[in-house]
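Each residue of the sequence shown is one higher than the last, beginning at 1 in our numbering. Where is the CB? At the ideal position from N, CA and C, for every residue including glycine. Just so it is clear, the structure is predicted and the values come from calculations on it, not from any experiment. Comments concern the structure below.
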Amino acid sequence: MLASIPLTALFEKFNNLHVLIVGDVMVDAYVWGRASRLSPEAPVPVVNVERTEQRLGGAANVALNVQALGATPLLCSVVGDDAGGDHLLHLLHRHHLPADGIIRSAHRPTTFKQRILAQGQQLVRIDSEVETDLNADETALLLAAYDDLLPRADVVIFEDYDKGVLCESIISECIARARERGIPTVVDPKKKNFLAYRHCTLFKPNLKELREGLKLEFGTPDVDRPGFEAAVARLREVLAPEIVLVTLSEHGVFAQQNDEKTYLPAHLRTISDVSGAG
1 MLASIPLTAL FEKFNNLHVL IVGDVMVDAY VWGRASRLSP EAPVPVVNVE
51 RTEQRLGGAA NVALNVQALG ATPLLCSVVG DDAGGDHLLH LLHRHHLPAD
101 GIIRSAHRPT TFKQRILAQG QQLVRIDSEV ETDLNADETA LLLAAYDDLL
151 PRADVVIFED YDKGVLCESI ISECIARARE RGIPTVVDPK KKNFLAYRHC
201 TLFKPNLKEL REGLKLEFGT PDVDRPGFEA AVARLREVLA PEIVLVTLSE
251 HGVFAQQNDE KTYLPAHLRT ISDVSGAG
């Protein structure tokens with residue numbers, strides 16, 4: 001049991017892992033400023049810019065977190081042959097993250113999300129992206145990059161943000177190739193491909209994704225435990241994962257492996273930006 005393993009030993013073991021992250025990468029951009037008047041052109045605030053920042057988002061943010069925890073990240077994705085792609089590769093280089101699994105395409109833009117904030121309050125978010133699946137050439141290049149990285153991986157994480165890098169055929173191929181090598185697969189799903197991850201090792205939706213993915217209505221475990229656990233049972237029946245882990249916001253986390261079910265409470269914190277949470 002994990003509870004019997006010292007925390008330091010868990011982190012020491014994690015330090016030795018090579019973690020392959022496959023999915024949608026993006027740039028999270030922020031513009032901070034102050035708003036003291038309305039525009040004469042429209043009833044909107046005028047923001048005087050004080051500073052800007054660009055951060056790694058999506059699967060690239062997960063790679064950064066994996067690195068921060070001491071493991072070695074490997075990253076496999078597709079970005080545009082555009083300024084956004086240049087920014088993302090620069091950020092990877094700045095954070096000493098590998099880019100050998102990043103494919104550049106002239107046929108799709110890099111996902112770029114810009115947030116405008118005034119006095120610490122987010123006013124608007126501007127998304128530049130497409131959500132179409134990869135074309136045949138992009139798919140072939142992505143799978144070739146995946147095959148190059150897979151022999152170096154101890155675990156594969158799928159980071160799906162419904163931006164087109166992951167589709168049902170790519171997902172099934174990647175899981176099958178990992179299973180052939182005995183490499184565990186971990187999934188952070190989104191709605192479009194929710195039921196495509198059959199036979200993954202660990203499946204981690206949040207409560208909203210579980211409802212939408214299964215098209216079921218049920219309450220949180222504190223008020224509707226039978227309904228919630230019936231939904232998890234349905235998920236296990238359809239996808240056959242070894243482990244289900246459901247994040248429940250302020251209600252904590254639920255985990256199930258075989259017939260063993262565990263509820264872990266949350267410790268509430270006040271936060272201003274939820275990017276990357278969950």
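query: Element boundaries [alpha helix (DSSP H), containing A145]; result: A136 to L149
query: Beta carbon of V22 nearer than 9 Å to that of G33; result: no
query: Length at least 3, wholly inside the region 182-218: the beta strand (DSSP E) runs in chain order; result: 185-188
query: Neighbourhood of E260 by C-beta, 6 Å cutoff - its chain only, sequence neighbours within 5 removed; result: none
query: Straight-line Cα distance separating A35 from H18; result: 45 Å
query: A266 classed as buried or exposed, judged by whether at least 16 other C-beta atoms fall within 10 angstroms; result: exposed
query: Inter-stretch contact at 8 Å, needing at least 3 Cβ pairs: the region 219-231 / the region 178-188; result: no
query: One or two residues paired with C174 in a DSSP bridge; result: DSSP lists no partner for C174.
query: Pairwise C-alpha distance: A42 and V66; result: 44 Å
query: Three-state class that DSSP yields for P45 in the structure shown; result: strand
query: Given H107 as reference, the closest of Q121, L134 and G213 once Cα atoms are compared; result: L134
query: Residues that DSSP places opposite V19 in a beta bridge; result: P73 and V155
query: Alpha-carbon spacing of F218 relative to D224, whole angstroms; result: 7 Å
query: Between the CA atoms of L142 and K13 - distance to the nearest angstrom; result: 29 Å
query: Residue from H251, L56 and E138 whose Cα sits closest to the Cα of G80; result: E138
query: G164 and V130 closer than 9 Å at C-beta; result: yes
query: A29, DSSP secondary structure in three states; result: strand
query: Coil, strand or helix - F14 by DSSP; result: helix
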